[in-house]
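This report refers to the structure that appears directly beneath it.
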Amino acid sequence: MNLELVEYHPEGVSSEAPLLFVHGACHGAWCWEKNFLPYFADKGFSSYALSLRGHGESDGFENLHSYTLQDYADDVLEVIGRLKNKPVLIGHSMGGGIVQKILHQHPDIISGIVLVASIPPHGGMRDLFRLMFRNFKEAMQLFTYNEKRDASLLANVFFSKELPIEKKDEWVKLLQPESLKARTEMNGKIIPKTISGKAPMLVLGSKQDRMISEKTTRRIGITYGIEPVLFQNISHDMMLDPEWEAVAGHILTFLNESISELRR
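Quick note: the sequence shown uses this note's numbering, first residue 1, plus one each step.
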């Protein structure tokens, strides 16, 4: 299966560990290319973003609803196999769950992990109920979008209200249905209760995230024994938020301070 892989490389010498970005549900590699890929390449990191099977320009859309989270993890593992050095995995939302699966299954092949507005290891059922309680219509749209193809409410969940309308209109058109099987799996346990793998990790969340609550982000931190970074006014799609550079800056500091393989 052909997987879309978008690459940005620095003009000079790059860090030893590349960055591999993993998108969330209904997205593709495009969401990282808008801001994060050029930013981190400019900072000296070879940066890659794949589109999981059935997403973006990757093959397999016709079988989308049969794909599991493990299928998506296998896509990431395939790309890791192409890289010369162990990457830092940066996963957003569902992509954060996929990254956690890889940490649990293959901790020896990665240099570190960044979880960006990630679903928790215990699954996202609590956050789904929270969204249903606060806005039932938006919660149902996350499920019925596959049939109705109306992404307007999805935009309200994913994007900042401060996002310029022209960007919002452009990016809404790039959103797509998500695998019903993978979506269902996200509500259950992503990995076993006992975490077998460890790696340098950064956990990012926001108090204004309409999908992943502050409490959920704090629980992720407790699971891995680290203190999460919580922003005040950033949307779920942190990498597309008007304040995306604040998020990227925290990641850059983590990379430079915590990942030994990044030392030139």
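Ideal placement from N, C-alpha and C gives every residue a C-beta, glycine not left out.
Rounded distance between the beta-carbons of residue j and residue i, thought under 8 Å
i: Gly56; j: Glu7; result: Not really, about 14 Å apart at Cβ, beyond 8 Å.
Sequence-distant residues of the same chain with beta carbon closer than 6 Å to residue i, five excluded per side
i: Leu83; result: Pro18
i: Cys26; result: Leu175, Gln176 and Glu178
i: Phe21; result: Trp32, Ala49 and Ile90
i: Gly28; result: Ser51, His55 and Gly56
i: Arg183; result: none
i: Glu162; result: Pro242
i: Trp244; result: Asn35
C-beta atoms of residue i and residue j nearer than 8 Å
i: Ile98; j: Ala73; result: yes
i: Ser118; j: Ile220; result: yes
i: Gly225; j: Thr217; result: no
i: Ile110; j: Leu77; result: no
i: Val203; j: Pro228; result: yes
i: Asn35; j: Leu240; result: yes
i: Ile190; j: Pro87; result: no
i: Arg210; j: His236; result: yes
i: Pro200; j: Ser160; result: no
i: Gln232; j: Lys207; result: yes
i: Leu63; j: Gly123; result: Note on identity: in this sequence residue 63 is Asn, with Leu being the wrong assignment. No, these two residues do not count as a Cβ contact at 8 Å.
Per-residue burial, residue i [other beta carbons within 10 Å of its own, 16 or more giving buried]
i: Met1; result: exposed
i: Phe158; result: buried
i: Pro38; result: exposed
i: Val116; result: buried
i: Gly96; result: buried
i: Pro164; result: exposed
i: Val13; result: exposed
i: Gly81; result: exposed
i: Thr253; result: exposed
i: Gly24; result: buried
i: Ile222; result: exposed
i: Asp75; result: buried
i: Asp108; result: exposed
i: Arg264; result: Note that Arg264 scores a pLDDT of 49, beneath 50, so its modelled location is shaky; the value from the coordinates is reported in the next line. Burial call: exposed.
i: Phe45; result: buried
Sequence-distant residues of the same chain with beta carbon closer than 7 Å to residue i, five excluded per side
i: Ala41; result: Tyr8, His9, Pro10 and Ser47
i: Lys181; result: His65, Ser66, Tyr67 and Thr68
i: Glu185; result: Thr68 and Leu69
i: Phe129; result: Per-residue confidence for Phe129 stands at a pLDDT of 43, beneath the threshold of 50, marking its modelled position as unreliable; the derived number appears in the next sentence. Excluding residues within five positions, none has a Cβ falling inside 7 Å.
i: Gln100; result: Pro121, Ile190 and Ile191
i: Lys43; result: Leu252
i: Trp30; result: Gly56 and Leu174
Sequence-distant residues of its chain with Cβ nearer than 8 Å to residue i (five each side left out)
i: Phe133; result: Model confidence at Phe133 stands at a pLDDT of 46, short of 50, so the residue's coordinates are unreliable and nothing is read from them.
i: Gly60; result: Met1, Arg53, Gly54 and Tyr67
i: Ala155; result: Lys168, Trp171, Val172 and Leu175
i: Ala246; result: Phe231 and Ile234
Ranges of the beta strand (DSSP E) found wholly within the stretch 223-264, counting only runs of at least 3: 229-231
Uninterrupted beta strand (DSSP E) stretches inside the stretch 61-119 (no shorter than 3 residues): 88-92 and 112-116
Those runs of the alpha helix (DSSP H) which lie wholly inside the stretch 176-202 and span at least 4 residues: Whole alpha helix (DSSP H) segments, 4+ residues: 180-186.
Uninterrupted alpha helix (DSSP H) stretches inside the stretch 11-45 (no shorter than 4 residues): 30-33 and 36-42
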